[in-house]
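I have placed the structure first, in the form of C-alpha cells, so that the comments after it can refer back to it.
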Amino acid sequence: MVKLGLAEIEWLEENQPYFGKPMDDRDFEIEGTCDKFRVTTLDGLNQVFAVVKWQNFKPQVNWVITMAGQAKYRRLENAGRLGVFDNFEGDPKIWGFEVRAMKYGTTRDRPTLKQTTLAELDTLLEGQSTLDILTTNGALKVDKRSRLMANPANRPNELMVVCEAGNTRLVAIAFTISRVLATMKDLGG
C-alpha cells in the first residue's frame, strides 16, 4: 500500500486478462493484460483502475469500477486516461509518460487534462514531495518533455516521467496524484 496525501493505493491482481479498446484504436475491443490497483481517499472514494498492456498498442491507465465516491469522481470513468510511450525514444526497455492534471477551467463545469508542474502537484500531497515519490518508485528522469524527447511534438513543456519498461506501479502513482488527488482537491487551471 502507498499513501499519497489524502489517498491510498492498494495493489490488486497483476497480469490479469483485460478486454477493452486501446487509446490508439477505439474501433474494436481487444485482449490485453492489466495490473489493477484500488484508490481510496479520505472523502470516501473507492475506485479500481488498471494499467493495461496491449500486444501492439501503448500501455494506458483505464478505469475499472467505482464502489463509492462523490459524483465528481465519475469524470475519471471516461476521461483522464494516462497513456504510456513504450519503446521510449527507440529503447524497448524504457517507458515515458506525460503527467497532466485534471483541472477545472474558468467555467468549473468539469475538469479536463491540463499542463501541470511538480510544485503544483506538491500542493496535492499534504507535505510530500512529488519528485521524491516518483524517484523513490523508479522514475529515472522527471523533466519537461522537450528535455527528454528528441521530437517533443506539440506539447514540449509538459511534465514527463521516464522509467524502466513495465513499472506499472510508478504509472499508477503518477495517475493517482495527477488525476485522483487533483479531482479531489478541485484543482483549478
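If you count by numbering that gives the first Met the number 0, then the sequence shown holds residues 0 to 188, one letter each, in order. Glycine included, C-beta positions come from ideal geometry on N, C-alpha and C. Small disclaimer: the values here were computed from a predicted structure and weren't measured.
Looking only at DSSP bridge pairs, what is residue i linked to?
{"i": "residue 52", "result": "32"}
{"i": "residue 46", "result": "38 and 65"}
{"i": "residue 72", "result": "DSSP, once it has assigned bridges, lists no residue as partnering residue 72."}
{"i": "residue 8", "result": "1 and 38"}
{"i": "residue 142", "result": "159"}
Going by the beta-carbon positions, is the gap between residue i and residue j smaller than 7 Å?
{"i": "residue 93", "j": "residue 164", "result": "yes"}
{"i": "residue 60", "j": "residue 175", "result": "no"}
{"i": "residue 105", "j": "residue 158", "result": "no"}
{"i": "residue 153", "j": "residue 143", "result": "no"}
{"i": "residue 4", "j": "residue 180", "result": "yes"}
{"i": "residue 28", "j": "residue 18", "result": "yes"}
{"i": "residue 15", "j": "residue 33", "result": "yes"}
{"i": "residue 137", "j": "residue 162", "result": "yes"}
{"i": "residue 177", "j": "residue 98", "result": "yes"}
{"i": "residue 43", "j": "residue 103", "result": "no"}
{"i": "residue 62", "j": "residue 75", "result": "yes"}
Can you give me the Cβ contacts of residue i inside the same chain, cut-off strictly under 6 Å, excluding the 5 residues immediately before and after it?
{"i": "residue 56", "result": "21 and 23"}
By Cβ distance below 8 Å, which residues in the same chain neighbour residue i in space, the five residues on each side in sequence not counted?
{"i": "residue 133", "result": "141, 160, 169, 172 and 173"}
Within a Cβ cutoff of 7 Å, which residues of the same chain sit near residue i, ignoring the five residues on either side of it in sequence?
{"i": "residue 85", "result": "57, 58, 94 and 164"}
{"i": "residue 148", "result": "88"}
{"i": "residue 151", "result": "144 and 145"}
- Query: Three or more C-beta pairs closer than 8 Å, one from the segment 163-171 and one from the segment 45-52: is that the case here?
  - Reply: yes
Item to check | contact_flag[the segment 68-80, the segment 104-117] where n(CB pairs < 8 Å) is 3 or more | outcome: yes
* Starting from the N-terminal side, write out each stretch of the beta strand (DSSP E) that is 3 residues or longer and does not extend beyond the segment 70-106. => 93-98 and 100-103
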